[in-house]
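Peer 1: Just so we're aligned, residue 10 is where the sequence shown starts under the numbering used here, counting upward by one.
Where is the CB? At the ideal position from N, CA and C, for every residue including glycine.
Quick one: the structure is below, questions incoming.
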Amino acid sequence: GKFPPEPAEFEQFQHKGNSSLTEAWEAVKRWAHGFDGGLLTLSGPPGVGKTHLARAAWTYLDRHPRDIRPIWCVEGKLVVDLHSALKTQTLGAILPSLMDAGHVIYDDMGTSAQGDWIRGIFDQFIDTRWSNTNLRTLITTNLGANDLSPRVASRLRDKERGSVIVMDAQDYRITRPTG
């Protein structure tokens, strides 16, 4: 589930005139610069810019390293990798690198069908990241707080360590100007 995304820049993000997009843009910039809580979640429908902002944060961190390179993972690929690692008995090599990395950007949380085993790993991931204030995590999701387990939702919304920003806008892929 780990690979570098296509680079993106904060300045390319079209947020002016929409307070929820501006709030998300400002929060992700602060997160990338090491300010605010360690857990930041961007929630909203497809096409509002969650992944663009996550890619911009990854690009910034990659160009201004504070520790090891940030880890980028997309849930669908991560689930495939975890199942493969379970079969090849290499799960012990994947999980610690994901759990303990200084910066993890987790794109598309909740987009794949999750059995109890995957849900348990995800809960452990969030718990580990929440418990250690030195670990910084940026999550994008189409899910709302009611779609998450109460334990995960509570940790993501913890006022001292995390915040959830709901991005409310039309799908940019459909409404963007052409030409």
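1) On the criterion of 16 or more Cβ atoms from any shown chain inside 10 Å, does residue 44 qualify as buried, or is it exposed?
2) Would you kindly work out how many angstroms separate the C-alpha atoms of residue 177 and residue 101, rounded to a whole number?
3) Measuring CA to CA, which of 150, 161, 25 and 143 is closest to residue 40?
4) Identify, in the order they occur along the chain, each residue of the same chain with its Cβ nearer than 8 Å to the Cβ of residue 137, setting aside the five sequence neighbours on each side.
5) At what residue ranges does the stretch 88-130 contain a whole run of the beta strand (DSSP E), taking only runs of 3 or more?
6) How big is the Cα-Cα spacing for residue 31 and residue 173?
7) In whole angstroms, what is the alpha-carbon distance linking residue 47 and residue 79?
Peer 2: Taking the definition as stated:
1) By the neighbour-count criterion, in which 16 or more other beta carbons inside 10 Å mark a residue as buried, residue 44 falls on the exposed side.
2) Residue 177 and residue 101: Cα-Cα distance of roughly 39 Å.
3) Per the C-alpha coordinates, the member of 150, 161, 25 and 143 positioned closest to residue 40 is 143.
4) Only 108, 109 and 144 meet the Cβ criterion.
5) For the beta strand (DSSP E) assignment, the uninterrupted runs of no fewer than 3 residues enclosed by the stretch 88-130 are, from N- to C-terminal side, 112-118.
6) Their backbone Cα atoms lie some 14 Å apart in a straight line.
7) Rounded to whole angstroms, residue 47 to residue 79 spans 14 Å at the Cα level.
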